[in-house]
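Dropping the structure here:
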């Protein structure tokens, strides 16, 4: 070995008492860097751009509108209605899936690759890693939603048009106001979407299996959707994480109502807090025996 | 793996337990109620009616329309609460070009969802068909043929006080006496307030066969025996309805007699 | 607390379900020392090292690393500690360099140029820009050493660093560990190979089924060493094993490779061989295989004398 190869060893004693601590920012940068290197993240973003455009083109080409969904009646002739139809469809399972692809994997993949021991033997606490991963997935969820919403609204308006929209009280909404409300409707998907992000994180930590972390939130979402649609159990509707996905309806009523929006925000926050709390408790107490 | 299955089972049990507890304790907690539906449907219909009239080149104001609705879920025995495809709403409005039928209202069928949104289909005679022609000659979707609406779960839930009588109608199309001359008649009572009651006078030509009392709940059908034997010579029977509650046919109904 | 001790573990116990992985272990490693933890697979070495790194919480006992404990200092315990547990693992979709850069971020940064230096040291500079997914086992092992050195540790913990390597790899890894040990670092080395430990370590703890079987210096261990072992292959191993009962001074066990291992004083070995020949059992092979220390290790860690060796239970499996 040459002189250069011994240099790190010679300095070991010189730097004998370095107290280093990575704050929250460094692990966050690391998680973002890992995410950027992953094929799945790029695939999700690409899907969020391409899929809405394909759906818009296909529905626009239909001779009969899909009228069994809200706003489906005018989807082939009104761009805003089409953007809202896609929104209703996306909320059923697409949005939970898009966020779970990353959130359901980010903890379990450390188990999959056996890298918990690699990262936890550095100068970063479990808490810092947990929040770095959580913030990364939340940021990714926001990004995906923005991309999905932009692609949907832009393609619907450009391909189908921006006629005045008939609202949910039968009132006619002028195009500019309709555009604002459609964008707002997509934006209010964020709280329940983040709720599903937190749920996926919990399942990812609990199962230690990326497949469970990704698929289970989608399945749970669909079950909640079903339960919410059944008559007679309306009392539990406000507690379901899928109910806030429908809170935007109030924006298109006249007079406008926002009760479901604030209720949805509360529900989403509660789901998120409980999921993250449980996930953090689990991760903190866990013995890392694998890898 | 066993741990996973156990947790999933536990979660399922919890969900089912919670669900049944909710069903057991609070079945009437639905936000879908008659007053909210009546108010929402009236508003939505009025807005759409004005829009549709504009498409046809007519100028109608919401105030002049004065729409009013009475909603009812699945007959008399059911409470008027909760989502379902069995809501009926009776609505009246004022449009000089579209007079109401004699009973004074049109019947809308609603499919109401648990998320406080509904789809309503109107009577084509009053609201038109799937497509219509606008002032520029284009074929466009008729907004009134079928429409969606949503209402606020926190909105006013005090009764609107709008009631309409049920429509009493003779459902039989022929009278079929048996070998003894006994026959019966099927009558129906539609959606509305307080059901249908009254008498029906039965005559075969000039022969009076007597009168029979009727008393039906709303949204029900009943078969009543004719008060007298049908003469073998009779070819037609005339029924004259006198409704005490409900709205009966204004002119007598004449049905042919079919040999047994 | 005694600042001189790099590791001061007292009465450490850890149980996974019904399996007692580590039972009341005490280990003291002085600063600057090269310390070996020796034991067969499943003896609890790895569990102990994981507890040292805070990956596993002990049920009872205290572990003080460079004077700090997890309860008081949290992740600060690991300041000045580097190393890896079992085979080092990395993100396969990142290159070796990206992996190290990321780990450096988690360390709170490194000295400029150190990353290149450690890559050079483990001779991975040329492969550093390839994805780890394509690395061989030995390359990952070397990258693991590089990742540990990136922390500029005062205490280096290496868990079976030569495990799974080919003979050339084992030679290189031993040379590297020796160099590191010679540089004044405190090294805690776990191994199931007596040779490896004997070559490098000053002190050693031998573990058996979660407990300490021997604790002391290598020289003390040497004085305890028994007679050399012999690998014996016969035409009828079962009967030869039974005949060993006539020679109480000998330890005869069945090797996992289906041969017999004979340990004991030379005259008794000769007498045993005569017995076999007299009973009509032919010798197919007869070699001295174990060094005296290996034989001792074997004795210390195996209590199934005259029986087939148990297949050791891998701790990580038992823990699931």
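Residue numbers (the working numbering), protein chains in the order written: chain A, 280 to 570; chain B, 247 to 506; chain C, 2 to 321.
No residue lacks a Cβ here, since even glycine has one placed at the ideal position from N, Cα and C.
Check                                                                                                                                                                           : Outcome
Please list the partners that residue 252/B has in chain A, where partner means a Cβ-to-Cβ separation under 8 Å.                                                                : The premise fails here: residue 252/B is roughly 12 Å from chain A at the closest Cβ pair, so nothing lies under 8 Å.
Enumerate in chain order the residues of its own chain whose CB-to-CB distance from residue 263/C is below 7 Å, with the five nearest sequence positions on each side excluded. : 230, 231, 233, 251, 253, 270 and 273
Give the DSSP-derived three-state secondary structure of residue 565/A in the structure shown.                                                                                  : coil
Answer with buried or exposed for residue 488/B, where buried requires no fewer than 16 other C-beta atoms within 10 angstroms of its C-beta.                                   : exposed
At 7 Å on the CB atoms, spell out the chain C contacts of residue 410/A, in chain order.                                                                                        : Under the 7 Å cutoff, chain C gives no residues; its nearest Cβ is about 13 Å from residue 410/A.
The beta strand (DSSP E) spanning residue 393/B covers which residue range?                                                                                                     : 392-396
What residue range is occupied by the uninterrupted beta strand (DSSP E) comprising residue 36/C?                                                                               : 35-39
Going by the beta-carbon positions, is the gap between residue 524/A and residue 561/A smaller than 9 Å?                                                                        : no
Examine the Cβ distances between the segment 184-202 of chain C and the segment 113-123 of chain C and report whether three or more of them are shorter than 8 Å.               : no
Taking only the alpha-carbon atoms, compute the straight-line gap between residue 310/C and residue 226/C and give it to the nearest angstrom.                                  : Residue placement at residue 310/C is poorly supported in this model, since its pLDDT is 32, which falls under 50; the coordinates still yield a value, given next. Distance between the alpha carbons of residue 310/C and residue 226/C: 21 Å.
Under 9 Å between C-beta atoms, does residue 277/B make it to chain A?                                                                                                          : yes
Give me the chain A residues within the contact set of residue 329/B, using Cβ-Cβ distance strictly less than 7 Å, ordered along the chain.                                     : 510
Whole-angstrom Cβ separation of residue 223/B and residue 443/B, contact assumed at under 8 Å?                                                                                  : Coverage of chain B is limited to positions 247 through 506, which leaves residue 223/B absent and any answer about it impossible.
Once the 5 residues before and after residue 409/B are set aside, which same chain residues still bring their CB inside 6 Å of it?                                              : 316 and 439
Can you grab the Cα-Cα spacing for the pair residue 418/B / residue 486/B, in whole Å?                                                                                          : 14 Å
Which residues in the same chain have their Cβ closer than 7 Å to the Cβ of residue 336/B, if we skip the five residues on either side of it in sequence?                       : 315, 316, 351, 353, 410, 437 and 438
Out of curiosity, what's the CA-to-CA distance linking residue 308/C and residue 236/C?                                                                                         : Low per-residue confidence applies at residue 308/C: pLDDT is 32, beneath 50, and the placement is therefore not dependable enough to give any value.
Give me the chain A residues within the contact set of residue 442/B, using Cβ-Cβ distance strictly less than 7 Å, ordered along the chain.                                     : Here the premise fails: no neighbours, minimum Cβ distance about 28 Å.
Mind checking which residues open and close the beta strand (DSSP E) that includes residue 477/A?                                                                               : Note, residue 477/A: premise wrong, no beta strand (DSSP E); alpha helix (DSSP H) at 469-486.
Cβ closer than 8 Å: which chain A residues qualify as neighbours of residue 1/C?                                                                                                : Absent from the structure is residue 1/C, since the part of chain C shown begins at 2 and ends at 321.
Suppose the cutoff is 6 Å on Cβ atoms and the five residues either side in sequence are ignored; what does the same chain contact list for residue 399/B look like?             : 277 and 362
Going by beta-carbon coordinates alone, are residue 333/B and residue 318/B separated by less than 9 Å?                                                                         : yes
Within 10 Å of its beta-carbon, does residue 360/B have 16 or more other beta-carbons around it, so buried, or fewer, so exposed?                                               : buried
DSSP on residue 371/B, reduced to helix/strand/coil?                                                                                                                            : helix
Between which two residues does the beta strand (DSSP E) holding residue 349/C run?                                                                                             : Residue 349/C lies beyond the residue range present for chain C, which begins at 2 and ends at 321; the question has no answer from this structure.
Go through the segment 290-316 of chain B residue by residue and report every complete run of the beta strand (DSSP E) that reaches 3 residues or more, in order.               : none
Assuming residue 455/B contacts residue 433/B under a Cβ cut-off of 8 Å, what Cβ separation, rounded to an integer in Å, is found between them?                                 : That belief does not hold up - the Cβ atoms of residue 455/B and residue 433/B are roughly 16 Å apart, past 8 Å.
Does the separation of the CB atoms of residue 54/C and residue 392/A fall below 9 Å?                                                                                           : no
DSSP state of residue 639/A, grouped into three classes?                                                                                                                        : Outside the modelled stretch of chain A, which goes from 280 to 570, sits residue 639/A, for which no answer is possible.
For a contact defined as C-beta to C-beta under 8 Å, what are the partners of residue 381/A on chain C?                                                                         : The contacting residues do not exist; residue 381/A stays about 14 Å from chain C at best.
So residue 559/A and residue 409/A are supposed to be a Cβ contact under 8 Å. How far apart are they, rounded?                                                                  : 5 Å
In the segment 51-79 of chain C, which residues sit with their C-beta less than 8 Å from some C-beta in chain A, listed in chain order?                                         : 51, 54, 55, 56, 57, 58, 75, 76, 77 and 79
With a cut-off of 8 Å on the beta carbons, I'd call residue 470/A and residue 349/A a contact; round off their distance for me.                                                 : Contact flag wrong, Cβ pair sits at about 20 Å.
In whole angstroms, what is the alpha-carbon distance linking residue 317/A and residue 328/A?                                                                                  : 18 Å
Counting C-beta neighbours from all protein chains within 10 Å, is the total for residue 313/A 16 or more, i.e. buried, or is it exposed?                                       : buried
Kindly identify the DSSP beta-bridge partner or partners of residue 395/A.                                                                                                      : Paired residue(s): none; residue 395/A is not in a bridge.
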